[in-house]
Amino acid sequence: MDEQGRLLQARGVGMPGLPVQGGLQPLNPHQLHEPPSDNGEPRKQDIGDILQQIMTITDQSLDEAQAKKHALNCHRMKPALFNVLCEIKEKTGLSIRSNQEEEPVDPQLMRLDNMLLAEGVAGPEKGGGSAAAAAAAAASGGVSPDNSIEHSDYRNKLSQIRQIYHSELEKYEQACNEFTTHVMNLLREQSRTRPISPKEIERMVGIIHRKFSSIQMQLKQSTCEAVMILRSRFLDARRKRRNFSKQATEVLNEYFYSHLSNPYPSEEAKEELAKKCGITVSQVSNWFGNKRIRYKKNIGKFQEEANIYAVKTAVSVTQGTHSGANSPTTPTSAGSSGSFNLSGSGDMFIGMQSLNGDSYPATQVESLRHSMAPGGYGDSISGSQMYSPRELRANGGWQEAATPSSVTSPTEGPGSVHSDTSN
DNA sequence: CACCATGATTTGGA
DNA sequence: TCCAAATCATGGTG
Numbered sequence: 001m002d003e004q005g006r007l008l009q010a011r012g013v014g015m016p017g018l019p020v021q022g023g024l025q026p027l028n029p030h031q032l033h034e035p036p037s038d039n040g041e042p043r044k045q046d047i048g049d050i051l052q053q054i055m056t057i058t059d060q061s062l063d064e065a066q067a068k069k070h071a072l073n074c075h076r077m078k079p080a081l082f083n084v085l086c087e088i089k090e091k092t093g094l095s096i097r098s099n100q101e102e103e104p105v106d107p108q109l110m111r112l113d114n115m116l117l118a119e120g121v122a123g124p125e126k127g128g129g130s131a132a133a134a135a136a137a138a139a140s141g142g143v144s145p146d147n148s149i150e151h152s153d154y155r156n157k158l159s160q161i162r163q164i165y166h167s168e169l170e171k172y173e174q175a176c177n178e179f180t181t182h183v184m185n186l187l188r189e190q191s192r193t194r195p196i197s198p199k200e201i202e203r204m205v206g207i208i209h210r211k212f213s214s215i216q217m218q219l220k221q222s223t224c225e226a227v228m229i230l231r232s233r234f235l236d237a238r239r240k241r242r243n244f245s246k247q248a249t250e251v252l253n254e255y256f257y258s259h260l261s262n263p264y265p266s267e268e269a270k271e272e273l274a275k276k277c278g279i280t281v282s283q284v285s286n287w288f289g290n291k292r293i294r295y296k297k298n299i300g301k302f303q304e305e306a307n308i309y310a311v312k313t314a315v316s317v318t319q320g321t322h323s324g325a326n327s328p329t330t331p332t333s334a335g336s337s338g339s340f341n342l343s344g345s346g347d348m349f350i351g352m353q354s355l356n357g358d359s360y361p362a363t364q365v366e367s368l369r370h371s372m373a374p375g376g377y378g379d380s381i382s383g384s385q386m387y388s389p390r391e392l393r394a395n396g397g398w399q400e401a402a403t404p405s406s407v408t409s410p411t412e413g414p415g416s417v418h419s420d421t422s423n
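Reminder that position 58 of the first sequence reads as 58 in full-length UniProt numbering, one-by-one numbering, no gaps.
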């Protein structure tokens with residue numbers, strides 16, 4: 001017996017946590033389960049003993065061990081011993097204990113599995129990641145399938161996790177199989193010496209599997225955690241507001257104020273702005289959404305800013321060096337920096353007549369197209385993709401009533417009119 | 001810490 | 001699907 005234990009030990013088959021039953025004691029228990037002593041000395045002594053034992057074991061040849069085993073099997077008292085063991089076993093009821101009924105599928109495990117599947121960590125190789133990314137995109141408000149930079153980064157990390165997960169899983173499975181066969185062989189071997197029914201072996205295997213699956217569950221759990229962290233860092237990070245860079249805000253503001261009459265960048269323009277600012281298209285959309293609403297709510301507050309950008313744009317246009325409004329898809333409407341007073345339909349025409357044709361906001365032109373004879377002013381902006389067609393608001397102006405009248409010329413100064421603070 | 005600025009999200013409408 | 005509007009939540013500042 002002791003020899004078996006030693007063999008086990010020598011072959012590294014110790015599983016301290018494994019509930020070993022039926023007399024299968026793989027190790028010298030008193031040595032392994034020694035409580036950690038405060039004083040290191042005795043412990044050191046123990047370790048020394050164990051090492052000594054191991055060394056002597058390795059000195060023993062396999063043949064020698066086999067010979068001993070054989071001797072034991074052939075011992076004349078062996079059948080008697082076997083019978084005694086059977087009797088004892090029957091008395092203690094060890095063999096009667098029925099198999100525990102099939103344990104129900106652990107709901108937590110199922111949850112973990114489902115989550116891993118949903119995240120694309122488990123399940124089919126490709127598509128998993130993108131499915132997760134798509135799901136994430138949908139979760140993020142489903143604005144638009146941009147954020148490709150973030151998502152590719154996310155996908156990379158996810159596939160890293162996936163790789164680790166699968167390799168670990170494989171390792172565990174392999175280890176489990178190896179261990180199971182080993183234990184089975186061992187038990188079969190032992191069954192010659194002591195009573196072990198096949199059922200018990202089966203049960204043992206079941207226990208081992210459960211043990212390993214609990215390890216797998218830990219693996220799944222930590223994988224889930226990793227995915228969650230990843231998600232929170234990459235996707236839910238949207239909650240964590242980062243102010244845009246100064247330069248980005250400048251670019252956006254420039255566009256906004258130079259298109260004040262119709263600050264609705266087209267998809268193309270948004271993309272361009274996004275690229276320039278190093279942000280995503282949806283962030284551009286958000287920014288414009290916020291800007292419009294906030295500008296409209298408190299025009300007075302933005303008057304100064306508007307003037308600043310009006311000057312900027314005007315200067316850069318006259319110098320012809322302005323990069324912001326000169327983009328291929330963005331026709332400069334710098335001249336119109338002050339043409340945001342489109343409120344009433346009354347001064348609409350005044351504005352149009354007094355300004356350069358290029359700068360006419362689509363809103364007005366469109367509404368004109370409806371109300372005027374065809375072939376009018378529309379042609380002047382026909383090439384412009386800047387304005388989304390959706391800007392045909394019923395009354396023709398995005399700001400409705402809230403429109404200040406002067407940002408046009410900085411010389412005029414702010415606060416000249418804007419008697420309205422509609423809000 | 002209060003307050004404001006600002007990016008993001010939610011809700012409801014067209 | 002985009003927008004306006006309201007709201008949330010965080011960042012920055014005095």
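Positions of the beta carbon are idealized from the N, C-alpha and C atoms, including for glycine.
Exposed or buried, which one is His75 when buried takes at least 16 other CB atoms within 10 Å? exposed
Taking only three categories from DSSP, how would you classify Pro265? strand
Taking a contact to mean a Cβ-Cβ separation below 8 angstroms, would you say Leu219 touches Tyr172 in this structure? yes
CB-CB under 8 angstroms to Pro79, same chain, minus the five flanking residues each way: which ones, in chain order? none
Select from Ser167, Gln216, Phe82 the residue whose C-alpha is nearest the C-alpha of Met110. Gln216
Own chain, CB closer than 6 angstroms to Pro35, minus 5 neighbours either side, in chain order: Only weak support exists for where Pro35 lies, its pLDDT of 42 falling under 50; the value from the coordinates is given anyway. For Pro35, where only same-chain residues beyond five positions count, there are no Cβ hits under 6 angstroms.
Mapping the DSSP letters down to three states, classify Asp106 as helix, strand or coil. coil
Put Arg162 into one of helix, strand or coil per three-state DSSP. helix
Buried or exposed, going by whether 16 or more other CB atoms sit within 10 Å of the CB of Gly120? buried
For Arg242, the three-state DSSP class (helix, strand or coil): coil
Backbone secondary structure at Thr280 - three-state DSSP: coil
How many angstroms separate the CA atom of Ile201 from the CA atom of Ile164? 33 angstroms
For residue 430, three-class secondary structure by DSSP: Outside the shown range of the chain, which is 1 to 423, sits residue 430, and nothing can be said about it.
Simplified DSSP assignment, three categories, for Gly217: What sits at residue 217 in the sequence shown is Met, not Gly. Residue state, collapsed to three classes: helix.
If we count Cβ pairs, one from each stretch, closer than 8 angstroms, do we get three or more for the segment 165 to 184 versus the segment 202 to 216? yes
Spatial distance of Gln247 from Gln303 (CA atoms): 20 angstroms
Considering His70, what are the terminal residues of the alpha helix (DSSP H) in which it resides? 62 to 74
Taking just the CA atoms, how far does Gln160 sit from Thr56? 45 angstroms
From what residue to what residue does the alpha helix (DSSP H) around Val84 run? 78 to 92
Let me know if Leu158 comes out buried or exposed under the rule of 16 or more other beta-carbons within 10 Å of its beta-carbon. buried
Same chain, Cβ closer than 8 angstroms to Gly278, neighbours up to 5 away in sequence not counted: Ser245, Ala248
Among Glu271, Ser316, Leu260, Tyr264, the one whose alpha carbon lies nearest that of Ile299: Leu260
Selection from Tyr295, Lys291, Ser266 that minimises the alpha carbon distance to Val281: Ser266
Excluding sequence positions up to five away, which residues of its chain have a Cβ less than 7 angstroms from the Cβ of Thr92? none
Closest by CA to Leu116, which one among Val284, Lys68, Leu51, Glu225? Glu225
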